[in-house]
Amino acid sequence: MNVIGIAASPRKNGNSQKLVEYILAGAEENGADTELICLSDRTIGPCLACDRCKNGSTTCVQQDGMTEIYEKIQKADAIVFGSPVYFGRLNAQSYLMLDRLYALIGTDCLSGKKISLVLTCRGSGEETILPINAYLKMIAGFFGCSDGGLVWQNQLDAITDLEKFPEKIAEAKEFGRNLSA
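Just so you know, we're using this note's numbering here: the sequence shown kicks off at -16 and counts up by one.
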């Protein structure tokens, strides 16, 4: 099994990235091959709405940080997508990547893959997290992906705050083991 983690936080080694890493560690314990992709390491432009990906080309015309991501997610069996929550929504880096997935609509290259969501936030609760999860499930449905589940934690502000929640770290590792079973 090949599990790809995508961390959308602009903050290196931030809480959402760490939570994705713990899930990947659990998957590795179960024998999965894993890789972490940090969107902050890539330059990703917005969708140009040129529709060339729908009119004779099967790929996006932009050759940027998404090019490698397209290749990696198509080879993955499961994708773990992690984002911090800003003002009750995903962060800007998340939307750049998600909008660029438009190039893959109409193909079956993501069909059947498990998509899991990791969210971290400061003070939000389920009233904020669950609609974001529903939104990502809708997007996953466009591609025929299955719901791999949700892991989230609030009360995270400082870059080291996740360490205050050892039960969440244990949950993330178990989640990864189950995801890769």
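Note that CB positions come from ideal geometry on N, CA and C, so glycine has one too.
Let me check understanding here. Comparing Cα to Cα, which of the options lies closest to residue i?
{"i": "serine 107", "options": "Leu87, Lys96, Trp135, Leu93", "result": "Trp135"}
{"i": "cysteine 21", "options": "Gly48, Lys37, Val44", "result": "Gly48"}
{"i": "glutamate 51", "options": "Glu18, Asn(-4), Cys33", "result": "Glu18"}
{"i": "alanine 123", "options": "Ala61, Val(-14), Lys151, Asn137", "result": "Ala61"}
{"i": "asparagine -2", "options": "Tyr78, Ala10, Asn137", "result": "Asn137"}
{"i": "tyrosine 69", "options": "Met121, Gly89, Ile88, Ile112", "result": "Ile112"}
{"i": "tyrosine 85", "options": "Glu110, Cys36, Val3", "result": "Cys36"}
{"i": "glycine 127", "options": "Ser40, Leu87, Val63", "result": "Leu87"}
{"i": "serine 23", "options": "Thr143, Leu79, Leu102, Glu109", "result": "Leu79"}
Could you give the distance in angstroms between the alpha-carbon of residue i and the alpha-carbon of residue j?
{"i": "asparagine 116", "j": "phenylalanine 125", "result": "15 Å"}
{"i": "tyrosine 5", "j": "tyrosine 53", "result": "23 Å"}
{"i": "aspartate 34", "j": "glycine 71", "result": "30 Å"}
{"i": "alanine 8", "j": "proline 67", "result": "20 Å"}
{"i": "glycine 14", "j": "isoleucine -13", "result": "14 Å"}
{"i": "serine 94", "j": "leucine 139", "result": "34 Å"}
{"i": "leucine 81", "j": "leucine 119", "result": "9 Å"}
{"i": "lysine 46", "j": "serine 99", "result": "The sequence as given places glutamine at residue 46; lysine does not occur at that position. Spanning the two alpha carbons is a distance of roughly 26 Å."}
{"i": "asparagine 74", "j": "alanine 59", "result": "23 Å"}
{"i": "alanine 10", "j": "serine 163", "result": "5 Å"}
{"i": "alanine 153", "j": "lysine 147", "result": "12 Å"}
{"i": "glutamate 150", "j": "glutamine 76", "result": "28 Å"}
{"i": "proline 114", "j": "methionine 121", "result": "11 Å"}
{"i": "leucine 145", "j": "threonine 90", "result": "38 Å"}
{"i": "alanine 32", "j": "arginine 25", "result": "21 Å"}
{"i": "glycine 132", "j": "leucine 2", "result": "14 Å"}
{"i": "glutamate 110", "j": "leucine 102", "result": "13 Å"}
Quick one: what's got a C-beta closer than 7 Å to residue i's C-beta in the same chain, skipping five residues either side?
{"i": "arginine 83", "result": "Ile27, Cys30, Cys43, Met49"}
Which residues in the same chain have their Cβ closer than 8 Å to the Cβ of residue i, if we skip the five residues on either side of it in sequence?
{"i": "glutamate 12", "result": "Lys156, Gly159, Arg160"}
{"i": "glutamine 0", "result": "Ala(-10), Ser(-8), Arg(-6), Leu19, Cys21, Gly65"}
{"i": "aspartate 16", "result": "Met(-16), Asn(-15), Val(-14)"}
{"i": "asparagine -4", "result": "Ile142"}
Given residue i, which residues of its chain have a CB within under 6 Å of its CB, disregarding the five upstream and five downstream residues?
{"i": "glutamine 57", "result": "Cys92"}
{"i": "arginine 105", "result": "Asp140"}
{"i": "serine 129", "result": "Lys97"}
Can you check DSSP and say which residues form a bridge with residue i?
{"i": "isoleucine 172", "result": "Any property of residue 172 remains undetermined from this structure, which presents the chain solely from -16 to 164."}
Report the residue ranges of all alpha helix (DSSP H) runs contained in full by the region 32 to 96; include only those spanning at least 4 residues, in chain order.
Those alpha helix (DSSP H) runs which fall completely within the region 32 to 96 and span 4+ residues are 48 to 58, 75 to 83.
For the region 96 to 154, list the alpha helix (DSSP H) runs that are entirely contained and at least 4 residues long, ordered along the chain.
As far as the region 96 to 154 is concerned, its whole alpha helix (DSSP H) runs of at least 4 residues are 109 to 125.
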